[in-house]
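Okay, so here's the structure we're looking at.
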Amino acid sequence: MKKLYTLSLLIFIFFSSYAQIASLPDKVRLNNENDSIKDEKFDAEHKGIVFEKEEFNKGVAFSPLELIQGRVAGMVINSMDGNDPNPSLQVQIRGTSTLINGSELLYVVDGIPVQSPDFLVPENIQSIEVLKSVATTAKYGVRGANGVVIVNTFHETPKKFSLSYSTYGYVESSADNSMFMSADEWRELKSDWSNDPLMERDASYLIDYGANTDWMEEISQHKISQAHNIGFSGSLRNTQYSGSINYHEYHGIMQKTGNKELTGQLSIKQSALNDKFHASLNLAESTENSIQINDNPYLCSEIFGEIPVNFISHVNGYNPTVPVYDENGSFARDTSDYLYHSFNSNPVKALMNTDDNRSIDDILVALNIDYEVVKGLKLIVGYSYNNRKTENVFSKLSTSTIYEGEQHLSSQRNNYQYIEKTYSTKMNYTGHYGDHNIDISLGYSKVVDNFCNLYRDSVITYRESVITEGLTTSKSFSLYMDEGHINQSFFSVDYDYRGRYRLSGGAINEKSAGFLSNTTSSYLMPFASFEWSVGEERFLSGIKWLDAFDVHVDYGITKHSIKSSDYYEGYSNFLVVDLSGIPYIPVIPDLETKKELNTGFDIVLLSGKIGLTADYYREKSSDAVFEFSSFSSYEVGSPAGLINCVNLWNNGLELGVNASVLDKALKWDMSFNYSTNNNAHSNACLDAYLAQQPIGNFYGYKFAGFSDDNEFLAYDTDGNITKYASEDFYIGNGHPKSFYGLFNKFRYKNLELSFLVRAAEGFEIKNFNGVNFVAYAQNFPDDLADMEYPEVINYLRSIRSDLIIENGDYIKLDHVYIGYNIPFKNKSPQSAIVYVTCNNLAIITGFSGSDPEAAGISGDSPGVYGYERYPFTRLYSLGFKVNF
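Under the numbering used here, the first residue of the sequence shown is numbered 287, with each subsequent residue one higher.
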């Protein structure tokens, strides 16, 4: 970090010595407090939806994306891990358009493409822009195929030096009562089942050890988390500068979960040569250390050996009558031998004897220079550098069952480094000829990616608890390095006539030498759009309450690519195989093609008090990659292979409303968004099997009850009840039909209140949770208490029936904020705010699990709930911010 700031200081001095006039602020869309609705109408070129800092969701945000969660129609931001400080977010725009490549978006931070924006500090983010349509993302090439999120940190700075400090702390609490049985409820259930003859065969694993243990509480912690941010900005002659230093320390509600991060950012902007020359330098560096309980290979293997299971599931399912410690002070355990329970480990012991340490270091550098060669013609040159280093270290201490007193420490280290350099050159001409305005851009950029993956694994033996480094029993090592290149040529033309008719078009030609291929491929991706300001026409000029009425239509073609990090090792040796009539599979699958047509309108009414927007889109992804080995009947004894075989369709409607409901002493601003998505896919190779099927369909038995002798019954295709029915019934779909978001902000004098409501409807969840606990656990969900033991045994067969299908619809009250602006008579401090917030305040749902979003509501396999990744919790925070 010292080297970066030294470099920035040298550049700062260099530019300052040649400065001639004061720098002008960047041209950005700013929302005026009294004219926010009119500005909320998209920018003149209809690029994307922009949220300024004042419009963000309030409350603790572990990822910058949570600042706009539930605010963008057609954009799903779903946390699989609830309030885990190390969230796993599902982010998707306009449905699933690829089956195997994932739905990852392209994130651009201050002009720098990054893998994730999570290293950013929310307090430093000034605006977030979302590009959804292919016509607006096409210029970003293949990487922008799923949508683009543009994050800007520092926009403009005051002429005088200013300083700000902000801080907050939060605590976390369980949001619901446990859905699993207490020790007393467990004993009552065992008593109810004890009279059943069938119970005799399984009685050996329902052992009462006499304790009353709340295992979730035993592995919980209740610590105060905190964050601190210092920001500064100002101007010096022709130079603007701004920067910040941030530190946060988050503690999850689970022991051994947390996140610590130190981040520094610096931005310098310079103008010279009578404002014809501009230069900007952005620097950022962050160091993050985190501890997690999810995805730790040793924690899972400590519990169930090779059986995949989540630690939270293990905690919920462990026998509540087992004490934490036995009479000797050692960790107690369930000694039953039912099924896989011999692999069970005391949850506290499993957590204490495993370590999880992860670190991420990010360095970003962006230098941009533009020079006005002649009036209207600018030359723009840019360079960016992104370096991300990741290290994961896992270890497990276990006692040998062969040699008494001998302990083994298993450890694993995984290092990963990704470096991306971007070189760009752009010529831009803007001309005004009477009623005609034209903007022409011609650009070229080159991206060089390098990544290195270093993996080491070792098992070290300790005898009699004495650490002896020389007793390494096994060791493995692997190293993988590769480089990729992307060359992009970009051309676009924007034409405007009298501000009424705007026509844009262009194309990007991308040549890439990917990680998966030694050859270079070239792809041409065109786009075009037309916008008509109907409200400017004479036939509407007499409507006084109509401020603006624009309609638009755009079309674009882009490509999807295979992620090298996911598929290099698994598919590095693609084989040419014949699948009984299916054409030969190429060594490297071709890219997928995505085409989209988007139409819509924007309306502003009543002097900017109401804004309406609507978009309807239809898109098709052709030649999508299909993993043929996922259908066992088509395996031919070869490794898994990929083939361009699938077509996917998405169409949907997106609506948005912004309104200034009250604008008197009490001010009330409201925004609402609604989106729907319908999808289908077919397999050109296997048409009979996958003919126009929606993504996320569930198939299985239709449950018809239990027989008199407690046998599982189902319906056959003729509607008859039988023990041997068809599994081919449609029993639900995990993809929500509609999403809703409602944001309200109230202001009265110095007091402000805001809250967000999010909802999804029209989908089902396949809840494996109860079935999994019946099969593998010693504790059970509460709803099993109403079932007879024979029914519970046959309940296991319901894993393939609609008996475990539940309605997933939900409404959430989220991001609640109450703030008070402290008035000051003196000029310093300029302002101060004290506030309280709550995340995840309430949820209304018929789903029996903790949180429907934990089932996954986007991607190619939505609506599958097998276990909890993190407890369902609420966050309560108290914060303070002051500006000098």
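C-beta: ideal position from N, C-alpha, C; glycine also.
Query                                                                                                               : Result
Under the three-state DSSP convention, the category Asn1055 falls into                                              : helix
Contact under 8 Å by Cβ, Gly1132 with Asn1169                                                                       : no
Beta-bridge pairing of Trp954 - partner residues as DSSP gives them                                                 : Leu948 and Phe1032
Boundaries of the alpha helix (DSSP H) in which Ala469 is found, first to last residue                              : Ala469 to Trp479
Proximity of Asn1036 and Asn965 at Cβ, strictly below 8 Å                                                           : no
Spatial distance of Gly717 from Ile666 (CA atoms)                                                                   : 17 Å
Meets three-Cβ-pair contact criterion under 8 Å: the segment 1145–1154 and the segment 1105–1121                    : no
Under 8 Å between C-beta atoms of His838 and Phe813                                                                 : no
Residue of Leu728, Ile655 and Asp836 minimising C-alpha distance to Asp561                                          : Ile655
Euclidean distance between Cα positions of Ser851 and Gly770                                                        : Bear in mind that the predicted position of Ser851 carries a pLDDT of just 38, short of 50, making it too unreliable to give a figure here.
Reference Asp277; option with closest CA among Lys988, Leu353 and Thr607                                            : With the chain represented from 287 up to 1170, any question about residue 277 goes unanswered, as that position is not in the structure.
For Val420 and Thr844, believed in contact at Cβ under 8 Å, the rounded distance                                    : 5 Å
Environment of Gln1116 [buried if 16+ CB atoms lie within 10 Å]                                                     : exposed
Residues bridged to Gly729 (per DSSP)                                                                               : Lys712 and Phe776
Distance, Gly1027 Cα to Tyr1016 Cα                                                                                  : 30 Å
Inter-stretch contact at 8 Å, needing at least 3 Cβ pairs: the segment 728–735 / the segment 706–714                : yes
Integer-rounded CB distance, given that Asp404 should sit under 8 Å from Asn568                                     : The pair is not a contact, with the Cβ atoms about 18 Å apart (cut-off 8 Å).
Closest residue to Val358 among Glu571, Trp954, Gln378 and Ser374 (Cα-Cα distance)                                  : Gln378
The segment 638–650 contacting the segment 673–687, beta-carbon criterion three pairs below 8 Å                     : yes
Span of the alpha helix (DSSP H) around Met502                                                                      : Trp501 to Glu504
Assumed close pair Asn963, Gly986 - CB separation to whole angstroms, cut-off 8 Å                                   : Not a contact, Cβ separation roughly 24 Å.
Ile794 vs Gly433 beta-carbon contact at 8 Å                                                                         : no
Nonlocal neighbours in the same chain, by C-beta distance under 6 Å from Tyr781, ignoring five residues either side : Ile724 and Leu789
Whole-Å CB distance - Met502 paired with Val601, under 8 Å assumed                                                  : 6 Å
Burial state of Lys1052, where buried means 16 or more other Cβ atoms lie within 10 Å                               : buried
Simplified DSSP assignment, three categories, for Phe405                                                            : coil
Test item: CB-CB of Val407 and Asn515 under 8 Å                                                                     : yes
Beta-carbon separation (whole angstroms), Leu1213 vs Ala570, contact threshold 8 Å                                  : Because the chain spans 287 through 1170 in this model, residue 1213 falls outside it and cannot be assessed.
Coarse secondary structure for Arg268, derived from DSSP in three states                                            : Nothing about residue 268 can be read from this structure; the chain reaches only from 287 to 1170.
Inter-stretch contact at 8 Å, needing at least 3 Cβ pairs: the segment 1118–1127 / the segment 1157–1166            : yes
Asn1006, buried or exposed, once every other Cβ within 10 Å from all chains shown has been counted against 16       : exposed
Burial state of Arg1155 (16 or more Cβ within 10 Å)                                                                 : buried
Contact belief for Ser519 with Asn410 at Cβ below 8 Å, rounded distance in angstroms                                : About 11 Å separates the two Cβ atoms, so there is no contact after all.
Those residues which DSSP pairs with Tyr931 across a bridge                                                         : The identity of residue 931 in the sequence shown is Cys, whereas the question assumes Tyr. Answer is none; Cys931 lacks a bridge partner.
Coil, strand or helix - Glu352 by DSSP                                                                              : helix
Own chain partners of Gly496 with C-beta closer than 8 Å, once the 5 adjacent residues on each side are dropped     : Thr607 and Pro609
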